Amino acid sequence: MVDETLKSPEGDDRSHGRSSSFSSRTTPRAVPPVDLPEGSPRHLGHFRLIRVLGRGGMGVVYLASDEQLDRLVAVKVLPFHRAHDAETVARFEREALAVTELAHPSIVPIYHVGEDAGNRFFVMRYVDGEPLNDYAARVMSLGSKEIAGEPRQHGRSTTWRSALGLVRTTLRHRSADLSISLAGLADILRVVEQTARALDHAHQHGIVHRDVKPSNVMIDQDGQALLLDFGLARFESEGQGELTRSGDVLGTVSYMAPEQLSDKFGGIDGRTDIYGLGVTLFECLTARRPFEGGSSEAVIYQTLTREAPSPRDFVPELSRDLSTITLKCLEKNKERRYQSG
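One point on numbering: in our numbering, the residue at position 38 of the sequence shown is 75, and numbering is uninterrupted.
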């Protein structure tokens with residue numbers, strides 16, 4: 038799975054990439070020194086690899102220099118030892134195809150798809166930032182004053198964005214009382230709303246992400262949320278099925294909706310991503326996930342059989358508004374969730 042690939046570079050630099058366009062520079066961009074493990078390719082086409090940004094079951098992501106356009110990019114490479122596995126290759130190609138169907142400011146674009154000496158790869162924007170889980174921990178820890186407001190029945194909203202918009206309006210109207218923690222909370226709602234818009238864009242194009250979680254959302258230096266890792270994405274026109282030929286579950290169980298874990302809850306669609314976004318918001322607010330256990334089996338059992346706890350059970354200062362929104366996303370019956378981002 039690619040979920041660990043685009044997040045944390047080694048060392049203190051937590052970036053995945055910074056975008057760049059054509060430039061009037063007369064001198065080449067300064068390129069970081071090469072630091073590649075033994076056996077790594079050095080060049081893929083006109084992209085010179087510099088260092089590993091991250092790795093996972095579906096690929097290795099490198100920081101690279103585009104020697105034609107003089108910019109830093111991220112290059113995702115299918116492991117050579119998996120290049121002959123038809124299922125893995127199909128999933129790798131599906132990721133590239135899914136992202137090229139999309140054009141949204143909160144979705145990392147793909148610039149190039151290629152193959153060099155048997156190495157399949159695609160090239161993406163390099164995002165200079167930090168994963169949402171790190172970002173949330175940082176901004177939410179800056180203060181601890183009241184983050185509450187009166188209930189406003191946000192659960193009646195049919196879309197995720199309209200509900201979050203009401204809460205954000207409440208925060209703006211309370212600006213005279215704004216504490217650092219309120220500012221942090223407002224920031225979290227802003228980037229989660231951006232992520233919801235990105236998912237809604239994907240859903241309008243018939244694409245379900247299927248692996249929404251904090252580590253798959255990067256926040257760049259301008260505070261923009263960017264949705265990553267469409268390695269498990271599925272076109273809604275395709276058949277259902279969350280299992281590989283080996284019977285492994287596709288996804289990260291703590292963020293998977295009931296319908297990803299059991300066909301008793303129906304098929305996969307855009308509302309499946311709403312569940313993952315709900316878990317993401319829950320974790321940003323409480324620094325834990327709604328269902329936690331000592332094993333994947335324990336988490337799956339809880340997801341299928343227990344109602345999600347309220348975020349207020351762990352952070353009593355949170356408003357009922359946010360708890361209502363979060364719990365609506367975490368409904369086991371997808372018909373009762375928000376129907377779109």
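Built from N, CA and C at the ideal position, the CB exists for glycine as well.
In this text the structure is predicted, and so the values were computed from the model without any measurement.
Buried or exposed for D103, please, with buried defined as at least 16 other CB atoms from any protein chain shown within 10 angstroms of its CB.
buried
In this structure, how does DSSP classify R175 when only helix, strand and coil are distinguished?
helix
Candidates G243, V229, R373: closest to S27 by CA position:
Not covered by the structure: residue 27. The range shown for the chain is 38 to 378.
Closest Cα partner of H141 within the set L81, R175, H238:
H238
What are the boundary residues of the beta strand (DSSP E) that includes I256?
254–257
Excluding the 5 residues flanking D224 on each side, which residues of the same chain have their C-beta closer than 7 Å to its C-beta?
V176
Around the Cβ of P348, are there at least 16 other Cβ atoms within 10 angstroms (buried) or fewer (exposed)?
Buried, since its Cβ has 16 or more Cβ neighbours within 10 Å.
Ignoring anything shorter than 4 residues or poking outside the region 135–176, list the alpha helix (DSSP H) runs there in chain order.
none
Taking only beta-carbon atoms, is V228 less than 9 Å away from chain D?
Here there is only one protein chain, and chain D is not present.
Cutting at 8 Å between CB atoms, please list the residues of its own chain near R282, excluding the five before and the five after it.
Caution applies to R282, whose pLDDT of 42 falls short of 50 and renders its modelled position unreliable; the value that the coordinates give is listed next. For R282, where only same-chain residues beyond five positions count, the Cβ hits under 8 Å are E124.
Contact under 9 Å by Cβ, L151 with V160:
Here residue 151 turns out to be Gly, not Leu, going by the sequence shown. Contact: yes.
Does DSSP put K250 in a helix, in a strand, or in coil?
coil
May I ask you to report which of helix, strand or coil DSSP gives K266?
Note that residue 266 is Asp in the sequence shown here, rather than Lys. Residue state, collapsed to three classes: coil.
Is the beta carbon of Y312 less than 9 Å from the beta carbon of A294?
yes
Where do the ends of the alpha helix (DSSP H) carrying L314 lie?
307–323
When the distance is taken between beta carbons, is D248 closer than 9 Å to G303?
no
Delimiting residues of the beta strand (DSSP E) encompassing S102
96–103
Rounded to the nearest angstrom, what separates R88 and D165 at their Cα positions?
Those two C-alpha atoms are separated by around 15 Å.
Regarding G93 and the ligand MN, is the C-beta to nearest heavy atom distance less than 8 Å?
Questions concerning the ligand MN fall outside what the structure shown contains, since it holds no ligand whatsoever.
Which residues in the same chain as H83 place their Cβ atom closer than 8 Å to its Cβ, once the five residues preceding and following it in sequence are excluded?
D103, E104, Q105
Can A270 and V245 be called in contact, C-beta distance under 9 Å?
Closer than 9 Å, so yes.
Does DSSP put F23 in a helix, in a strand, or in coil?
The question about residue 23 has no answer here: the residues shown for the chain are numbered 38 through 378.
Give every residue of the same chain whose Cβ lies closer than 6 Å to the Cβ of T363, excluding the five residues on either side of it in the sequence, and list them in chain order.
G315, L318, F319, P348
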